[in-house]
Amino acid sequence: MIRDITIGQYYPADSILHRLDPRVKLSGTLIYIVCLFLVKNLWGYLIAALCLGAIIRLSKVPFGFIVRGLKTIIILLLFTVAFNLFLTSGTPIFEWKFIRITKEGVSLAFSMAVRLILLILGSSLMTFTTTPNQLTDGMESLLGPLKKLHVPVHEIAMMMSIALRFIPILLEETDKIMKAQQARGADFETGGIIKRAKAMVPILVPLFISAFRRAGDLAMAMEARCYRGGEGRTKMKPLKYHKPDGIAWVAIVCFIALTVVSRRF
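Mind the numbering: the sequence shown is residues 329 to 593 in our numbering, read in order.
As structure tokens, this is what we get:
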């Protein structure tokens, strides 16, 4: 189960998407998420799914690797569908004792499930094709206007990048701890939810200790390299827009237009 969590991981490949400017990918991902919440009908979801499929094809990231991340949200997905399906009022299409399913509930449950799946796949694709350093530079550049309001943009971008980078490291550490506990006779697979939750407690203590130790090592390494924040810092590889980035912006504008048009059907 731990290995199924793919968020925050970078998948190295030589694709057009990997070579795009991180600012384009960050902006495109944000626009894609906003458009998903603006979609109101099947045509809109079909357009969003087709566009995402085309981007996945261009990224050269294996589809199985991308979909593997959905396993971790199955419980959240089931809860979302169940709440919308059984607790939405409207025109009843099925009634049995206290169970009541409405036409509006089915529509809302379907739209929320598709929206959540597309959102996870789309946002995960950004981390698969963008290194942590590129994410930091992209976020810092996009949030640059906030510097005039004395917002520590560089520090915020650095913290978000480190948090994303630590996700796969902590997942790997959790996997090692679980295997060590299982070698000593621990059981994480059998029993109910409460029993499994209690079995996870011995994992949390060494995991927190390891996380704090890694954070301390990172802070010491940054101080040893005279890191003092973003004031006056220069970049070895400054961000520059190229021709593929312009084509990507045109594609993003076309996607926005298709989303707006789909709302009229």
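The beta-carbon is built from N, C-alpha and C at its ideal position, and this holds for glycine as well.
This one's a predicted model, so the numbers in the text were calculated from it and none came from an experiment.
Cutoff 8 Å; reference residue i; Cβ partners in own chain excluding five residues on either side
{"i": "residue 470", "result": "351, 354 and 355"}
{"i": "residue 386", "result": "343, 344 and 345"}
{"i": "residue 419", "result": "430, 431 and 432"}
Contact under 7 Å by Cβ, residue i with residue j
{"i": "residue 597", "j": "residue 361", "result": "Any property of residue 597 remains undetermined from this structure, which presents the chain solely from 329 to 593."}
{"i": "residue 531", "j": "residue 359", "result": "no"}
{"i": "residue 506", "j": "residue 357", "result": "no"}
{"i": "residue 590", "j": "residue 375", "result": "yes"}
{"i": "residue 389", "j": "residue 456", "result": "yes"}
{"i": "residue 468", "j": "residue 485", "result": "yes"}
From the options, residue whose alpha carbon lies closest to that of residue i
{"i": "residue 406", "options": "454, 440 and 548", "result": "440"}
{"i": "residue 534", "options": "508, 515 and 372", "result": "508"}
{"i": "residue 315", "options": "590, 369 and 382", "result": "Residue 315 lies beyond the residue range present for the chain, which begins at 329 and ends at 593; the question has no answer from this structure."}
{"i": "residue 565", "options": "342, 423 and 466", "result": "466"}
{"i": "residue 571", "options": "337, 349 and 341", "result": "349"}
Inter-residue CB distance, residue i and residue j (contact presumed, cutoff 8 Å)
{"i": "residue 444", "j": "residue 408", "result": "6 Å"}
{"i": "residue 449", "j": "residue 370", "result": "Not quite, the Cβ-Cβ distance comes to about 18 Å (not below 8 Å), so this is no contact."}
{"i": "residue 338", "j": "residue 459", "result": "6 Å"}
{"i": "residue 442", "j": "residue 373", "result": "5 Å"}
Proximal residues to residue i (C-beta, below 6 Å), its chain only, five neighbours per side dropped
{"i": "residue 437", "result": "409, 412 and 413"}
{"i": "residue 330", "result": "Interpretation of residue 330 is limited by its pLDDT of 47, a score under 50 that renders its predicted location unreliable; the figure taken from the coordinates is listed afterwards. For residue 330, where only same-chain residues beyond five positions count, the Cβ hits under 6 Å are 499, 502 and 503."}
{"i": "residue 474", "result": "481"}
Same chain only: Cβ atoms within 7 Å of residue i, ignoring 5 sequence neighbours per side
{"i": "residue 472", "result": "481"}
{"i": "residue 391", "result": "384"}
{"i": "residue 550", "result": "none"}
>> Quick check for students: name the residue ranges of the beta strand (DSSP E) that lie wholly in the segment 355 to 440, counting only runs of 3 or more.
In response: Listed in chain order, the complete beta strand (DSSP E) runs (minimum 3 residues) inside the segment 355 to 440 are 420 to 424 and 427 to 430.
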